[in-house]
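Here's the structure we're looking at; comments come further down.
Numbering (the UniProt record's numbering), first residue to last: 1 to 530.
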């Protein structure tokens with residue numbers, strides 16, 4: 001027999017009666033226990049339909065969303081729905097059904113049901129934690145495991161347009177990732193749950209294992225959801241156990257997860273004294289690769305760099321060499337873009353893991369293609385000499401890679417350099433497509449922030465705010481940017497939308513420098529480049 005929830009004071013009465021039957025819960029528990037790569041569940045028709053329809057109308061008629069963008073997501077969000085309780089009476093009436101939905105989600109009956117089917121133990125009655133997220137075209141949430149504080153269960157209630165079915169081709173699916181080992185997700189997801197109206201997707205949060213993302217929304221359709229979490233019982237509640245809290249925050253930013261180790265690529269060169277190797281070397285060897293305008297104005301450019309800490313140079317490569325590079329890239333763009341790691345040709349590797357980065361990098365394979373020559377150029381003695389001449393800094397070690405960021409797949413997440421001292425960081429864009437705002441793929445450098453309670457990677461909370469951005473550069477053909485990067489600066493390549501006109505192609509070089517060789521006074525106000 002169904003569990004009785006007819007009491008008019010019980011918020012669970014707005015939920016479907018089937019949820020509280022033994023047959024339903026036994027079946028759901030079995031499905032969750034068999035789910036791969038970790039235990040997750042899906043409930044279709046969670047609420048009585050008229051209740052959720054009314055709540056949806058209230059949301060769109062009375063709530064304002066804030067556009068929010070970080071390294072890991074782009075979405076439109078509200079504050080915590082707990083704040084409904086503090087609204088003036090007249091405003092609260094406008095959201096009365098949404099209030100009922102919130103209370104039903106945290107009702108004893110709902111919490112007990114979730115606890116039973118997941119085996120997670122008691123859940124807090126007092127700690128609510130949920131907000132409204134509206135994903136429109138281009139919005140996304142990249143790979144993370146949801147481990148924050150004492151969260152136990154993550155859930156998403158979809159409040160999509162109710163009168164037609166969401167097409168999986170529109171994107172917006174919840175995608176789950178297997179792990180290669182604890183804390184290291186695979187680059188490819190292995191399961192996807194397309195959203196539907198009145199559907200609840202949920203899973204137990206397991207540190208180092210519950211990796212997932214939200215697929216980009218590809219169309220102009222509102223993927224509205226109520227995103228929330230159930231927490232461990234709080235002090236004074238039944239089931240409370242004093243446990244250490246997890247101190248890292250993986251949803252908003254991956255900063256606390258960052259390993260300072262370099263990418264798992266073959267492009268890293270061991271410590272080497274480039275000063276002795278390149279001192280006094282002529283730049284003539286670069287004439288067939290680097291624009292003569294650059295080589296002939298090194299002294300003026302060095303003066304600019306020592307004053308500003310940044311150079312941004314157009315038409316960097318010699319025209320004939322760039323034409324050869326461009327031709328090779330355009331030929332690769334015409335081929336089918338590899339999506340899964342098993343599709344990637346052997347001359348390319350996949351930078352991983354995806355909760356830190358995902359893109360293709362060119363392996364060193366001894367071939368004499370233009371792209372291989374370009375990669376080798378960045379680590380050559382002559383190029384190191386050019387870096388020294390342009391910056392008045394003496395490089396010691398280097399890490400060089402040629403990267404391809406594929407539309408709808410690739411990115412890097414915000415990280416510090418991993419060094420205790422300033423480094424030189426250079427990026428040469430050899431992207432052939434014309435990029436515009438709104439499709440990602442830009443290179444962003446920003447300060448790390450001063451408030452430990454703030455997420456340092458939140459750089460935009462509206463269209464008019466920039467959150468302390470020092471450099472934001474869309475990929476531009478044959479543009480070279482080099483900066484003197486202090487240890488606290490964050491840098492990332494924003495996720496490249498599926499709607500981008502092509503891949504982002506670049507060469508990325510990091511050069512450690514002798515500390516006593518740095519003679520650059522960086523004024524962040526002058527470093528800023530838009």
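Even for Gly, the Cβ is constructed at its ideal location relative to N, Cα and C.
Taking every protein chain shown into account, the CB of residue 236 has fewer than 16 other CB atoms within 10 angstroms, so this residue is exposed. As for any beta strand (DSSP E) of minimum length 3 sitting wholly inside the segment 364-401, there is none. Using a Cβ distance threshold of 7 angstroms, residue 424 and residue 514 do not count as a contacting pair.
A direct Cα-to-Cα measurement between residue 299 and residue 210 gives close to 53 angstroms. Residue 474 is not a Cβ neighbour of residue 404, given a cutoff of 7 angstroms. Put simply, the backbone Cα of residue 416 is about 21 angstroms away from that of residue 305. Runs of the beta strand (DSSP E) lying entirely within the segment 23-109, each at least 3 residues long, are 40-44, 66-69 and 73-77 in chain order. By the neighbour-count definition (other C-beta atoms within 10 Å, threshold 16), residue 478 is a buried residue. Below 8 angstroms, too few C-beta pairs join the segment 197-208 and the segment 370-378 to call them touching: fewer than three. Residue 155 is not a Cβ neighbour of residue 79, given a cutoff of 7 angstroms. Only buried fits residue 492, as 16 or more other CB atoms lie within 10 angstroms of its CB. Rounded to whole angstroms, residue 159 and residue 165 show a C-alpha spacing of 12 angstroms. Residue 193: member of the beta strand (DSSP E) spanning 191-193, first to last residue. Straight across, the Cα-Cα distance linking residue 216 with residue 193 is about 13 angstroms. If you draw a 10 Å sphere on the C-beta of residue 60, you find fewer than 16 other C-beta atoms in it, and that means exposed.
For residue 325, the three-state secondary structure derived from DSSP is helix. Taking a C-beta distance under 7 angstroms as the contact criterion, residue 484 and residue 309 qualify as a contact pair. Closest in C-alpha terms to residue 238, from the list 124, 436, 413 and 412, comes 124. The continuous stretches of beta strand (DSSP E) do not include residue 217, and DSSP gives it neither H nor E. In this structure, 413 is the residue among 413, 489, 420 and 481 with its C-alpha nearest to the C-alpha of residue 144.
Judged by their CB atoms, residue 115 and residue 77 are not nearer to each other than the 7 angstroms cut-off. Using a Cβ distance threshold of 7 angstroms, residue 97 and residue 64 do not count as a contacting pair.
Following the DSSP letters along the chain, one finds residue 507 inside the beta strand (DSSP E) bounded by residues 504-513.
The beta carbon of residue 136 is closer than 8 angstroms to those of 76, 217, 220, 221, 222 and 223 in its chain, skipping five residues each way along the sequence. In its chain, beyond the 5 residues on either side, 400, 507 and 509 have a beta carbon closer than 6 angstroms to the beta carbon of residue 378. When only Cα atoms are considered, residue 410 and residue 70 end up about 15 angstroms apart.
For residue 141, the closest C-alpha among the options 112, 151, 120 and 175 is that of 175. In this chain, residue 205 is not harboured by any beta strand (DSSP E), its DSSP state being neither H nor E. Membership of residue 300 in any beta strand (DSSP E) is not indicated; the residue belongs instead to the alpha helix (DSSP H) covering 298-308. Rounded to whole angstroms, residue 334 and residue 503 show a C-alpha spacing of 11 angstroms.
Closest option to residue 317, judged by alpha-carbon separation, among 230, 353, 328 and 430: 430.
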